[in-house]
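Chemist: One structure is given below, represented as structure tokens, and several questions about it will come after.
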């Protein structure tokens with residue numbers, strides 16, 4: 248009897264242990280299942296993020312073309328800032344900007360874009376610069392418009408002042424002075440410098456697009472390696488004329504106001520110039536002070 252009870256007890260213990268093992272196995276299985284589900288959720292989330300990112304990187308140019316502002320040849324200088332503002336606000340990728348512009352270009356702008364090489368036609372800054380140049384909206388054109396703009400008969404002085412200011416601002420913006428005093432100072436000095444030199448130097452400086460007056464002088468000297476000795480520059484017109492060669496000696500030539508430009512002892516002076524001379528003392532012509540009879544008589 249006792250043995251039987253012990254056996255039953257042992258069976259129950261074994262059964263209990265077996266249940267414990269089963270419970271542990273179930274817990275492990277549950278934990279593994281949860282981990283697998285967690286991994287699956289993370290994988291799905293990563294895939295979703297990747298798809299969203301790929302979708303955000305994709306740019307539908309055809310869908311956005313309708314948002315490109317209409318191109319007008321009369322306000323080209325105002326068009327590009329407007330386009331750039333819209334492109335930035337809508338996060339348009341810059342490589343697509345020229346494609347968007349090409350869809351609205353007309354007139355000269357369309358001709359310029361079509362004439363550009365394929366590698367240049369995809370560069371927005373290049374396309375913009377070439378189009379502005381075609382419409383004479385480059386710094387030199389703005390400068391000339393500002394300097395030559397005159398008041399119309401039917402225009403009020405307020406309107407004239409506004410137009411002048413607008414042209415001046417466009418010139419400064421095109422030169423990228425950035426409201427900097429030193430940049431403005433160099434711009435004014437360089438313009439004045441160009442007005443004071445001959446035409447070939449001015450053309451050279453325009454081609455080189457120098458930024459400061461010192462660069463202008465140094466650039467031309469290094470490029471041409473020639474001297475302007477014997478040339479007198481007219482600072483008001485920008486032209487110059489050849490003068491007689493300079494003296495090699497360093498001694499200054501003393502000149503008296505009463506000294507004649509001719510040699511008084513020369514035959515030419517005796518035959519021609521004496522006839523036109525009038526001596527201040529005796530008020531008679533044809534002789535010099537040394538030959539004046541009245542003065543000699545007075546001195547006696």
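Residue numbers (our numbering): 248 to 547. Backbone N, C-alpha and C fix where the C-beta goes; we use that ideal spot for every residue, glycine too. Keep in mind that this is a model prediction, so the values were computed, not measured.
(1) Got a sec? Which residues, its chain only, sit under 7 Å from residue 352 by beta carbon, not counting five neighbours each side?
(2) Can you check the region 276 to 349 for any beta strand (DSSP E) of at least 3 residues that lies completely inside it and give the ranges in chain order?
(3) Thinking C-beta only, is residue 306 closer than 8 Å to residue 341?
(4) Is DSSP giving residue 364 helix, strand or coil here?
(5) Answer with buried or exposed for residue 432, where buried requires no fewer than 16 other C-beta atoms within 10 angstroms of its C-beta.
(6) How many angstroms separate the CA atom of residue 291 from the CA atom of residue 272?
(7) Leaving out the 5 sequence neighbours to the left and right, which residues in its chain are closer than 8 Å to residue 355 when beta-carbon positions are compared?
(8) Using 8 Å as the cut-off, can you tell me whether the region 441 to 448 makes contact with the region 412 to 427, which would need three or more C-beta pairs spanning the two stretches below that distance?
(9) Please classify residue 337: is it buried, with 16 or more other beta-carbons within 10 angstroms of its beta-carbon, or exposed?
(10) Do residue 311 and residue 339 have their beta-carbon atoms positioned less than 8 Å apart in this structure?
(11) Please tell me whether residue 430 has its Cβ less than 8 Å away from any Cβ of chain D.
(12) From the DSSP output, in three-state form, read off residue 393 for me.
(13) Of the residues 325, 255 and 316, which one's Cα is nearest the Cα of residue 348?
(14) Give the straight-line distance between the Cα atoms of residue 250 and residue 265, rounded to the nearest whole angstrom.
(15) Could you tell me the alpha carbon to alpha carbon distance between residue 441 and residue 409, rounded to whole angstroms?
(16) Would DSSP call residue 369 helix, strand or coil?
(17) If we count the other Cβ atoms within 10 Å of its Cβ and call it buried at 16 or more, is residue 326 buried or exposed?
(18) Please report the residue range of the alpha helix (DSSP H) in which residue 434 lies.
(19) Could you give the distance in angstroms between the alpha-carbon of residue 373 and the alpha-carbon of residue 366?
(20) Cutting at 6 Å between CB atoms, please list the residues of its own chain near residue 407, excluding the five before and the five after it.
(21) Residue 403 to residue 411, Cα distance in whole Å?
(22) Can you find the residues in the same chain that come closer than 6 Å, C-beta to C-beta, to residue 393, ignoring five residues on each side of it along the sequence?
(23) Can you grab the Cα-Cα spacing for the pair residue 429 / residue 387, in whole Å?
(24) Between which residues of its own chain and residue 329 is the CB-CB distance below 6 Å, once the five residues before and five after are set aside?
(25) Go through its chain and collect everything with a Cβ distance to residue 389's Cβ below 7 Å, but skip five positions before and after it.
(26) Taking its Cβ as the centre, do 16 or more other Cβ atoms sit within 10 Å of residue 401, making it buried, or is it exposed?
(27) With a CB to CB cut of under 8 Å and the five nearest residues on each side skipped, what residues in its chain are close to residue 363?
(28) Any idea if residue 452 is buried or exposed, counting beta-carbon neighbours within 10 angstroms, 16 or more meaning buried?
(29) Helix, strand or coil: how does DSSP classify residue 270 here?
Modeler: According to the structure data:
(1) 318 and 360
(2) none
(3) no
(4) coil
(5) exposed
(6) 28 Å
(7) 320, 378, 381 and 382
(8) no
(9) exposed
(10) Yes.
(11) Protein chain content of the structure displayed is limited to a single chain, and chain D is not contained in it.
(12) helix
(13) 316
(14) 22 Å
(15) For residue 441 and residue 409, the distance between alpha carbons rounds to 27 Å.
(16) coil
(17) buried
(18) First-last of the alpha helix (DSSP H) with residue 434: 428 to 442.
(19) Taking the straight line from one Cα to the other gives about 10 Å.
(20) 398
(21) 12 Å
(22) 414, 415 and 418
(23) 19 Å
(24) 316
(25) 414, 417, 418 and 421
(26) exposed
(27) 373, 374 and 377
(28) buried
(29) Reduced to three states, the DSSP call for residue 270 is helix.
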